[in-house]
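Residue numbers (numbering that gives the first Met the number 0), protein chains in the order written: chain C, 0 to 343; chain X, 0 to 343.
There are 2 protein chains.
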Amino acid sequence: MSENRTEIASLGEFGLIEQLTKNIELQNASSILGVGDDAAVIDHFGKQTVITTDLLLEGIHFDLMYTPLKHLGYKSVVVNLSDIYAMNAEPTQITLSIGISNRFSVEALNEFYEGVYAACEKYGVDLIGGDTSASQKGFVISVTAIGEVAPDKFVKRSTAQKGDLICVSGNLGGAFLGLTLMEREKRIYLENPQLQPDLENESYIVGRLLKPEARKDMIAFFAENEIVPTSMMDISDGLSSEVLHLCKQSGLGCRIYEEKLPVADEARKAAFKFGLDPTVCALNGGEDYELIFTLKQEDYDRITLNEEISVVGYMTDAHEGSKLLSRGGNSFDLTAQGWQAFHV
Amino acid sequence: MSENRTEIASLGEFGLIEQLTKNIELQNASSILGVGDDAAVIDHFGKQTVITTDLLLEGIHFDLMYTPLKHLGYKSVVVNLSDIYAMNAEPTQITLSIGISNRFSVEALNEFYEGVYAACEKYGVDLIGGDTSASQKGFVISVTAIGEVAPDKFVKRSTAQKGDLICVSGNLGGAFLGLTLMEREKRIYLENPQLQPDLENESYIVGRLLKPEARKDMIAFFAENEIVPTSMMDISDGLSSEVLHLCKQSGLGCRIYEEKLPVADEARKAAFKFGLDPTVCALNGGEDYELIFTLKQEDYDRITLNEEISVVGYMTDAHEGSKLLSRGGNSFDLTAQGWQAFHV
């Protein structure tokens, strides 16, 4: 954080909003009216509008002890854009609401917004509205992302077909290993504040956790190669959980091959260091924000040259269940290990 | 609250979402795809899309000690729809994100959603998406409302002209007086839990606080009578604060007449009972969710028969300032007393 500290109270709500939004330049022709009125106005010129929203709460989704505010701003945008791409759509606008306690300074908020604007610029989306509120405790972030898609060209979760290939972009498990590392370093620091965190050689997994990217490139690749996935979603809760969604909503089962799961070397090394099974990290670790999608088998040739895509299995009839086939040749039921926050 | 208590953990995230959203029936043809995928899809068929979002945080925006959850759900939707109407647009969809601690039961959440669905039904909007999360402390509610408007027919805050009439729908100050009453009863209860709250004859102001409505009827009236306000916004922070926004954004000043301020008899009586000035309540009390709008003087004849509209003043040049003319003939500068939450 910067050394100056300006109290939020010294600006007031409207001064604060002005301060945080004064440099916005709308990039999209569809952004008719942005921040500063009761609502924003967009015009998608004959396209359909895609909307998604995510809530990020301090202590549940992020820990400010090891999350730089700029990264948090960036990630808050990216996780929403990921949902728009997962519809095979292009994000165009976001709204951002925040609730902040007075332990935050204006400088700290500026850092958060720097990250928000960096993500907006990288992905070509406009910040067009939001709400700024005090909070009693904890930093509250709510982002809504808006996108566009040619009429009826969006891709749902429920339309996979038996025999379709199950594909994954990028690598899995890295964000979970980054979280494991940061939580370990936090514990060590709390026990002994003199010890410096040991993050050497771990920039890959730390980056996967703190600064994820959304797979804009995949949507562009599909468009260039005239590929339309039969179903798609993004991987926020872990591959197991997501593939079970595709199965349930499409009324199908699946086979996933352990040996095909994409895990980066850095993540594999980190897993061994922490005594974790890389396969479990890839299946159940969340927050990778990769895409999982299904393709007709005849589209296989179109993706073989793209090193960012791994075919990890195929869809089956529902009665065949949803199974992982291990390297050793055994078959396990896939289970969703995702969201356990209510048990904490 | 109902007597049964089902723990949220017993359903899990997806079970909970299914439970809360299973009865949704989409009402609008523009709602192409609703809850259950990465994002929702809407098609406004050649109209422009209007978007607004509001965050409601426990302890800042509402107190669960005197706010029934069903009313809270209703109000969470209504305050967002009010922003859409304030653009002269029709709301069509909402997304709803909530963060809840495990002190909430599934039954309590069902009550909240009953209110949400009641508002959706009354105003003809579809709930098409959202996010459900645990929170460490406090109930977090984030609603985004989406609406539609014929191309370039939306009404901004910045387009009032000198000489335009300043109009207000309904009555002002009631919600603030309801809040004053509830805070007083809460204090009495906390000091002496045996005493029953004294809400007799106060249903008007309590209703204004706990169950506000958005002025859908005004937008319909404008359309029927071919009236286009020159500027408009909704009154959430108090008339003074809002009229100053219109002045600032339109580069103008204003004259407001104290004797023209619409205050309901019930609110006036409550103000005297509490030793408050009804004019101050009307100017600085927030949360009435009425509309303030400006009209060309030649449109005056079109509104005289509508008893729900009061002309409270007119726009002037900026150098004439923004003034209240009192019953006694004195002139006071209008000041925004709105949002002081960061000083708490």
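Every residue, glycine too, gets a C-beta built ideally from N, C-alpha and C.
Check                                                                                                                          : Outcome
Beta strand (DSSP E) runs wholly inside the segment 49-116 of chain X, at least 3 long, in chain order                         : 89-99
Separation of residue 240/C from residue 192/C, as counted between CA atoms                                                    : 37 Å
Per-residue contacts from residue 150/X into chain C (C-beta, under 8 Å)                                                       : 42
Proximity test, Cβ basis, 8 Å: residue 163/C and chain X                                                                       : no
8 Å Cβ cutoff, residue 17/C in contact with chain X                                                                            : no
Completely contained alpha helix (DSSP H) runs for the segment 271-319 of chain X, where each covers 4 or more residues        : 277-283, 299-302
Where the alpha helix (DSSP H) through residue 247/X begins and ends                                                           : 238-249
Residue-level contact to chain X via CB, residue 334/C, 8 Å cutoff                                                             : no
Residue-chain proximity (residue 86/C, chain X), Cβ-Cβ < 8 Å                                                                   : yes
Minimum Cβ-Cβ distance from residue 325/X to chain C less than 8 Å                                                             : no
Per-residue DSSP class, three states only, for residue 157/C                                                                   : coil
Whether residue 78/X touches residue 235/X by CB criterion (8 Å)                                                               : yes
Cross-chain neighbours of residue 98/X in chain C, by beta carbon under 8 Å                                                    : 54, 56, 59, 139
Residue 120/C vs residue 4/C beta-carbon contact at 8 Å                                                                        : no
Neighbouring residues, chain C, relative to residue 28/X (Cβ below 7 Å)                                                        : By Cβ distance, chain C contributes nothing, its closest Cβ being about 12 Å from residue 28/X, past 7 Å.
Residue environment, residue 182/C, which counts as buried when at least 16 other CB atoms sit within 10 Å                     : exposed
Proximity test, Cβ basis, 8 Å: residue 330/X and chain C                                                                       : no
Residue 83/C to residue 203/C span [Cα, whole Å]                                                                               : 25 Å
Residues of its chain near residue 325/C, where Cβ-Cβ distance is below 7 Å and the 5 sequence neighbours each way are ignored : 257, 331
Rounded straight-line distance, which links the Cα of residue 138/C to that of residue 115/C                                   : 15 Å
Anticipated Cβ contact below 8 Å, residue 154/C with residue 227/C, distance rounded                                           : 7 Å
Test: residue 134/C CB closer than 8 Å to a CB of chain X                                                                      : yes
Sequence-distant residues of its chain with Cβ nearer than 8 Å to residue 198/X (five each side left out)                      : 180, 184, 205
Spatial distance of residue 171/C from residue 246/X (CA atoms)                                                                : 54 Å
Sequence-distant residues of the same chain with beta carbon closer than 7 Å to residue 278/C, five excluded per side          : 257, 260
Min CB distance residue 156/X to chain C below 8 Å                                                                             : yes
Contact under 8 Å by Cβ, residue 307/X with residue 169/X                                                                      : yes
Residues sharing a beta bridge with residue 143/X, DSSP                                                                        : 52/X, 94/X
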